[in-house]
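Student: Structure below; questions to follow.
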Amino acid sequence: KYLAALNYRNISDIYYRKQNFHSVKKYLDSTLVHLPEKNKAFKPTKKKLDVITDVVKYQDVVNHSDSIITVSKMSGSEKNKFYQKYITKLKISDSIAAKKVAENLVLSKNNQKADMFSGENFSDNLSTNNKNFPAGITKAKSPVLESPLVKQSSNSGSLQSNFYFYNAVTVAQGKLNFKKKWGDIKYGDNWKSIAVSNQNQTENAEEETDDETTDKTEEAGLEPKYKTSFYIDQLPKNAKVLDSLNTEANYARFQLGAIFKEKLKENKLAIISFEDILVNTPESKLVLPTYYNLYQLYGALKNEKALVYKQKILTEYPESRYASAFNNTTINADITADSEFNALYAKVEKGLFREANLEIDALLKKYDGDELNAKFDVLKAKISARLFGLSAYKMALQKIVKNYPKAEETKKIASILSSDIPVLESLKFGEKPKTYNLVFITNYPNELSHKSLIEKLNKYAKESGDRKVKVSNDIYNVEKNMIVLHGIINKATAESVYNYLKEHKDYKIKDTPFIISNEDYKVVQVKKNVEEYLAKIK
């Protein structure tokens with residue numbers, strides 16, 4: 218078993234040198250099947266297989282997207298030619314497969330007949346099936362009846378035939394050969410001349426259609442897979458779909474380049490992948506990191522093209538940290554980037570979402586294409602959730618999963634999208650209330666304009682003697698805050714509390730709140746739909 222594993226691994230190495238990564242994956246798979254897990258070669262082989270599996274996955278994405286884009290850009294006649302060639306090959310392949318199936322079927326039937334009429338089976342059939350035999354004959358062994366055309370095999374006891382039409386395999390092969398040569402010709406006078414004439418007409422028709430659009434009436438009755446229209450109709454017509462395919466292909470090229478560069482140390486293949494991005498209308502976020510990777514790769518090869526890409530970075534992205542590193546304007550560009558991220562993260566943790574929101578877009582632009590961009594996008598998702606609600610949060614998370622599928626954060630975010638988001642989306646008004654709140658909507662900032670209200674509510678909470686009654690000044694969105702008196706036992710009490718605060722000489726509040734259960738308040742904050750709630754209670 219170990220020798221088999223060794224052979225498969227050696228074959229995979231041969232295909233690796235040929236850069237046939239699909240075959241490499243196949244033989245590495247076989248290697249692991251035959252290699253014991255305790256063998257010291259198992260883990261490195263498994264690690265290599267995981268890398269090659271990613272290579273194959275991204276190559277398939279590129280090939281799939283490129284082929285669709287290429288064919289979609291062809292003229293009508295070019296599309297017909299392209300798919301007609303494919304259909305011709307498909308028919309040949311299907312014909313060979315059908316022939317094999319027919320041969321296997323004939324062989325299977327022939328073997329069944331041979332088994333039924335061989336040795337004791339034959340005599341048993343005679344004895345059990347013929348009820349008209351005289352008494353005593355059913356118990357006797359019946360001799361095998363011979364004819365000049367049938368001889369009993371001395372080796373197997375089965376019947377064999379030397380006559381053409383007694384050999385089912387030969388008959389089936391003869392039919393296939395005849396049909397292949399003459400086609401579906403009906404029996405009649407001069408059948409051979411008619412067949413030749415039909416064949417010539419077919420060949421001439423095929424030559425004519427090479428340069429013409431296939432007539433759809435000729436395709437009537439054919440299986441869909443043998444019609445050019447079946448494939449052409451599935452091609453995307455919308456430019457946005459083609460753009461999306463191109464975006465997917467470029468992202469896959471970038472991943473291939475990164476794998477070839479960092480994991481497989483195949484610099485020439487990495488260069489091909491990265492340069493292919495630049496000639497296929499890349500998204501702006503891919504351009505800077507592609508330039509920088511090419512700068513590094515050509516630099517490692519001592520190639521003067523490294524200077525070309527360095528200059529592109531300095532000219533097109535002078536504010537990027539890569540340009541800063543080239544110009545030595547900062548001691549360590551990485552430290553600067555990390556410190557900016559940490560400062561923004563600290564603001565989010567302190568609840569300074571509005572302040573962080575003012576900075577996030579500028580930092581995302583500054584580090585466009587940088588590996589830190591994923592972390593900045595995660596912060597933006599948190600900010601979006603707090604200021605803009607669930608829909609914005611979900612979109613921000615989906616963007617991260619799409620743009621950074623290999624980032625550390627992505628696995629956790631994918632889990633949030635699949636489990637947490639559906640739960641939040643299912644939240645609705647009207648759940649059984651536990652407590653009620655008085656909510657005052659104010660403009661932001663409100664610390665000075667509503668200082669008196671906040672102080673009076675805090676005074677009431679303290680004097681109520683109920684620890685559940687408390688005051689908060691909550692963010693609602695970029696422009697609005699909600700000052701909330703929480704923990705009132707029921708709706709009727711909430712109405713009484715408001716009237717007390719409005720009428721009592723120690724309070725005399727002028728602002729008008731709305732009453733909402735704590736459960737509905739959570740929905741309002743998650744979905745940012747206070748207008749919907751207010752319309753509901755009118």
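Per this note's numbering, the very first residue in the sequence shown carries number 218; after that it's consecutive.
Where a beta carbon is used, it is the ideal one built from N, C-alpha and C, also for glycine.
CA-CA distance, Asn660 and Asn698?
Tutor: Taking the sequence shown and counting its residues from 1, one reaches residue 660 at position 443. Taking the sequence shown and counting its residues from 1, one reaches residue 698 at position 481. Asn660 and Asn698: Cα-Cα distance of roughly 6 Å.
Student: What did DSSP end up calling Gly590 once you bin it into helix, strand or coil?
Tutor: In the sequence shown, residue 590 corresponds to position 373, counting from 1. The residue you asked about is not Gly; residue 590 is Asn in the sequence shown. Of the three classes helix, strand and coil, the one that applies to Asn590 here is helix, per DSSP.
Student: Between the region 480-487 and the region 440-454, are three or more C-beta pairs nearer than 8 Å?
Tutor: Short answer: they don't touch.
Student: Taking only the alpha-carbon atoms, compute the straight-line gap between Asp230 and Val241 and give it to the nearest angstrom.
Tutor: Working through the sequence shown from its first residue, we reach residue 230 at position 13. Working through the sequence shown from its first residue, we reach residue 241 at position 24. Their backbone Cα atoms lie some 7 Å apart in a straight line.
Student: What span of residues does the alpha helix (DSSP H) with Val640 cover, start to end?
Tutor: One-based indexing of the sequence shown puts residue 640 at position 423. Taken as a continuous stretch (DSSP letters only), the alpha helix (DSSP H) holding Val640 covers Ile638 to Glu642.
Student: Compute the Euclidean distance between the alpha carbons of Lys719 and Pro535, then round it to the nearest angstrom.
Tutor: On the sequence shown, residue 719 is found 502 positions in, with the first residue counted as 1. On the sequence shown, residue 535 is found 318 positions in, with the first residue counted as 1. Distance between the alpha carbons of Lys719 and Pro535 is about 60 Å.
Student: In whole angstroms, what separates the C-alpha of Gln615 from that of Ala591?
Tutor: Position 398 of the sequence shown, counting from 1, holds the residue named residue 615. Position 374 of the sequence shown, counting from 1, holds the residue named residue 591. Rounded to whole angstroms, Gln615 to Ala591 spans 12 Å at the Cα level.
Student: Between Lys583, Ala711 and Ser325, which lies nearest to Ala554 when the distance is taken from Cα to Cα?
Tutor: For the purposes of this step, residue 554 is taken as residue 337 along the sequence shown, with counting starting at 1. Considering only alpha carbons, the answer is Lys583.
Student: Would DSSP call Gly474 helix, strand or coil?
Tutor: Translated into the one-based positions of the sequence shown, residue 474 becomes position 257. Three-state DSSP puts Gly474 in a helix.
Student: Where does the unbroken beta strand (DSSP E) through Phe657 begin, and where does it stop?
Tutor: Reading the sequence shown from its first residue, position 440 is the one you call residue 657. Tyr653 to Asn660 is the extent of the beta strand (DSSP E) around Phe657.
Student: Considering only DSSP beta bridges, list what Met699 is partnered with.
Tutor: The residue given as residue 699 occupies position 482 in the sequence shown. Per DSSP, Ile658 and Asp691.
Student: Which of helix, strand or coil does DSSP assign to Ile733?
Tutor: For the purposes of this step, residue 733 is taken as the residue at position 516 of the sequence shown. Of the three classes helix, strand and coil, the one that applies to Ile733 here is strand, per DSSP.
Student: By the three-class DSSP mapping on this structure, what secondary structure does Gly606 have?
Tutor: Within the sequence shown, the letter at position 389 stands for residue 606. Residue state, collapsed to three classes: coil.
Student: In whole angstroms, what separates the C-alpha of Tyr677 from that of Lys651?
Tutor: Working through the sequence shown from its first residue, we reach residue 677 at position 460. Working through the sequence shown from its first residue, we reach residue 651 at position 434. The straight-line gap from Cα to Cα measures roughly 21 Å.
Student: When the Cα atoms are used, what is the spatial distance from Lys260 to Val272?
Tutor: Position 43 of the sequence shown, counted from the first residue, corresponds to residue 260. Position 55 of the sequence shown, counted from the first residue, corresponds to residue 272. Each residue's alpha carbon lies about 19 Å from the other.
Student: Decide yes or no for the touch test of the region 261-268 against the region 449-459: beta carbon pairs closer than 8 Å, at least 3 of them.
Tutor: Not touching, per the Cβ criterion.
Student: Taking C-alpha atoms, which residue in Gly682, Arg234 and Arg226 lies nearest to Leu486?
Tutor: Position 269 of the sequence shown, counting from 1, holds the residue named residue 486. Closest option to Leu486, Cα to Cα, is Arg234.
Student: DSSP on Gly682, reduced to helix/strand/coil?
Tutor: As a working mapping, residue 682 is identified with position 465 in the sequence shown. Three-state DSSP puts Gly682 in coil, outside helix and strand.
Student: Based on Cα-Cα distance, which residue from Tyr562, Val695 and Lys744 lies nearest to Pro639?
Tutor: Residue mapping note: residue 639 aligns to position 422 of the sequence shown, counting from 1. The candidate whose alpha carbon is nearest that of Pro639 is Lys744.
Student: Once you ignore the five residues that flank Gly516 on each side, which residues in its own chain have a CB closer than 6 Å to its CB?
Tutor: Here residue 516 corresponds to residue number 299 of the sequence shown, with the count starting at 1. Only Ala523 meet the Cβ criterion.
Student: Can you give me the C-alpha to C-alpha distance between Thr355 and Lys326, rounded to a whole angstrom?
Tutor: Locating residue 355 in the sequence shown gives position 138, where the first residue counts as 1. Locating residue 326 in the sequence shown gives position 109, where the first residue counts as 1. In this prediction, Thr355 scores a pLDDT of 38, lower than 50, which makes its location untrustworthy; the coordinate-derived value is nonetheless stated afterwards. Their backbone Cα atoms lie some 28 Å apart in a straight line.
Student: Rounded to whole angstroms, what is the Cα-Cα separation between Ile489 and Ser292?
Tutor: Here residue 489 corresponds to residue number 272 of the sequence shown, with the count starting at 1. Here residue 292 corresponds to residue number 75 of the sequence shown, with the count starting at 1. Distance between the alpha carbons of Ile489 and Ser292: 29 Å.
Student: By the 10 Å Cβ neighbour count, where 16 or more other Cβ atoms means buried, how is Ser636 classified, buried or exposed?
Tutor: By 1-based counting over the sequence shown, the position of residue 636 is 419. The residue is exposed, with fewer than 16 neighbouring Cβ atoms inside 10 Å.
Student: Enumerate in chain order the residues of its own chain whose CB-to-CB distance from Ile476 is below 7 Å, with the five nearest sequence positions on each side excluded.
Tutor: Here residue 476 is taken as the residue at index 259 of the sequence shown, counted from 1. Val268, Asp271 and Val272.
Student: Does Gly568 come out as helix, strand or coil in the three-state DSSP assignment?
Tutor: Counting from one through the sequence shown, the residue named residue 568 turns up at place 351. Of the three classes helix, strand and coil, the one that applies to Gly568 here is coil, per DSSP.
Student: Which residue or residues does DSSP assign as beta-bridge partners of Ile705?
Tutor: Taking the first residue of the sequence shown as position 1, residue 705 is located at position 488. In the DSSP output, where bridge partners are listed per residue, Ile705 has Tyr653.
Student: The alpha helix (DSSP H) with Leu751 in it runs from where to where?
Tutor: Walking along the sequence shown from the start, residue 751 turns up at place 534. Leu751 -> alpha helix (DSSP H) spans Val747 to Ile754.
Student: Quick check on Asp578: buried or exposed, where buried means 16 or more other Cβ atoms within 10 Å of its Cβ?
Tutor: Here residue 578 corresponds to residue number 361 of the sequence shown, with the count starting at 1. Asp578 comes out exposed.
Student: In this structure, how does DSSP classify Ala221 when only helix, strand and coil are distinguished?
Tutor: Walking along the sequence shown from the start, residue 221 turns up at place 4. Ala221: helix per DSSP, three-state reduction.
Student: Leu581 and Lys597 look like a contact to me (Cβ under 8 Å); what is the Cβ gap, rounded to whole Å?
Tutor: Taking the first residue of the sequence shown as 1, we reach residue 581 at position 364. Taking the first residue of the sequence shown as 1, we reach residue 597 at position 380. At roughly 7 Å, the Cβ-Cβ gap stays under 8 Å, so Leu581 and Lys597 are in contact.
Student: Is the separation between the beta-carbon of Tyr508 and that of Tyr468 shorter than 9 Å?
Tutor: On the sequence shown, position 291 is the one that residue 508 refers to. On the sequence shown, position 251 is the one that residue 468 refers to. The answer is no: Cβ separation not under 9 Å.
Student: Could you have a look at Lys527 and say whether DSSP puts it in helix, strand or coil?
Tutor: As a working note, residue 527 is residue 310 in the sequence shown. Three-state result, Lys527: helix.
Student: Have a look at Tyr244, Ala221 and Leu223 and flag the residue whose alpha-carbon is nearest the alpha-carbon of Tyr232.
Tutor: Position 15 of the sequence shown, counting from 1, holds the residue named residue 232. Measuring from the Cα of Tyr232, the nearest candidate turns out to be Tyr244.
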